[in-house]
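Going letter by letter, the sequence shown gives residues 118 to 354 in the working numbering. Below is one structure, written out as structure tokens; the observations come after it.
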Amino acid sequence: MRAKVLSFVQMKGGAGKTTLCVNIASTLSDRSNVLMIDTDYPQSSLETWYQIRNEKYVIENMQVKTAKNLTQLQKLVRDNLDDYDYILIDGHPRITNITRAVLMLSDLALIPLSPSQVEVWSTKHLAEIVKEAKKANTHLETRLCWNRYRVRTNSAEAVVNEAKELLKIDALPVKLGNRVAYLDSFAQGLTVAEWHDQAAKVEIWSLTSGIERLLDKQGSHRIKTEAQVEKFAKGKN
118 MRAKVLSFVQ MKGGAGKTTL CVNIASTLSD RSNVLMIDTD YPQSSLETWY
168 QIRNEKYVIE NMQVKTAKNL TQLQKLVRDN LDDYDYILID GHPRITNITR
218 AVLMLSDLAL IPLSPSQVEV WSTKHLAEIV KEAKKANTHL ETRLCWNRYR
268 VRTNSAEAVV NEAKELLKID ALPVKLGNRV AYLDSFAQGL TVAEWHDQAA
318 KVEIWSLTSG IERLLDKQGS HRIKTEAQVE KFAKGKN
């Protein structure tokens, strides 16, 4: 069976894409082989995190490769479908041809979002692209992933409700709290599973378990052809 492709997409930097990607990848790697693809070149935060980790620790079942353009992205995904259980793509923080291609190559695309009206409004255009992508890639599942969530606040709950109405995209049930553990562990080349915040560990484990169930429900299907991906990437539906 080919690898499941999970992507993290958002139009703005600092939304938590890369932090979410490494934490989910690390959890999956406990029992699966995982490839992460960094498309946020030249910033390459994912690759930098991996280099820090590689200098300090032994890494098992997890690799990072960088795609600088659409051609490299297509090749990396297709060449590795049979060698890994999961391929995780850290998307570009703007709507580019790579972002559109990522949606065509994905089984599940996650959209990290903090409970801010500004972030919800700025995600509207991405939601429109997602709607287009789901017509071309009919197997694509998409979910909002609430990040830096402030528990038991009316304002956060109001933003969640507004996002549901405005974006028309379902959210994962697990919300990640507004915890420094995510930032501090990332800076050390670690994940929260290796950090001293039990609540953060439980959040990521629960989130990843839900993602695995979503992907398992999809069953097996062919990935879109190079021509189909390139056509959508160029804005031709």
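Even glycine gets a Cβ: it sits at the ideal position worked out from N, Cα and C.
DSSP links SER162 through a beta bridge to no other residue. Judged by DSSP secondary structure, ALA298 falls outside any beta strand (DSSP E) and instead within the alpha helix (DSSP H) spanning 297-304. Relative to ASN186, the option among TYR174, VAL219, ARG260 whose CA is nearest is VAL219.
Looking at the DSSP output, PHE125 shares a beta bridge with ASP207, LEU227. With a 10 Å radius around the Cβ and a threshold of 16 neighbouring Cβ atoms, TYR174 comes out exposed.
Within the same chain, Cβ atoms closer than 6 angstroms to the Cβ of SER231 are found at ASN264, ARG265, the five residues on either side in sequence being excluded.
Residue state for ARG265 is assigned as coil, using DSSP reduced to three classes.
Sorting LYS121, LYS182, SER326 by C-alpha distance to the C-alpha of MET221 places LYS121 at the top. Here DSSP, grouped into helix, strand and coil, assigns ALA288 to strand. Per DSSP, the continuous alpha helix (DSSP H) segment holding LYS318 begins and ends at 315-335. Distance from the CA of GLN168 to the CA of HIS338, rounded to the nearest whole angstrom, comes to 34 angstroms. The C-beta of ASN278 has fewer than 16 other C-beta atoms within 10 Å across all chains shown, which makes the residue exposed.
In the three-state DSSP reduction, ASP196 falls in the helix class (H, G or I). Inter-residue distance for ILE340 and HIS256 is about 9 angstroms (C-alpha atoms, whole angstroms). The C-alpha of ILE204 lies about 10 angstroms from the C-alpha of MET179. The shortest C-alpha to C-alpha distance from LYS292 to any of TYR201, ALA317, ALA275, LYS285 is the one to ALA317. Here SER223 is buried. Its C-beta has 16 or more other C-beta atoms within 10 Å. The three-state reading of DSSP puts MET221 in helix, counting H, G and I together. Taking the Cα of ALA244 as reference, the smallest distance to any Cα among THR270, LEU324, LYS281 is reached at LYS281. Counting other Cβ atoms within 10 Å of its Cβ, ALA226 reaches 16 or more and is therefore classed as buried. Your pair SER233 and VAL276 checks out as a contact, with CB atoms roughly 7 angstroms apart and the cut at 8 angstroms. Here the C-alpha atom of GLU172 lies approximately 19 angstroms from the C-alpha atom of VAL151. In the three-state reduction of the DSSP assignment, LYS348 falls in the helix class, which pools H, G and I. In the three-state reduction of the DSSP assignment, LEU145 falls in the helix class, which pools H, G and I.
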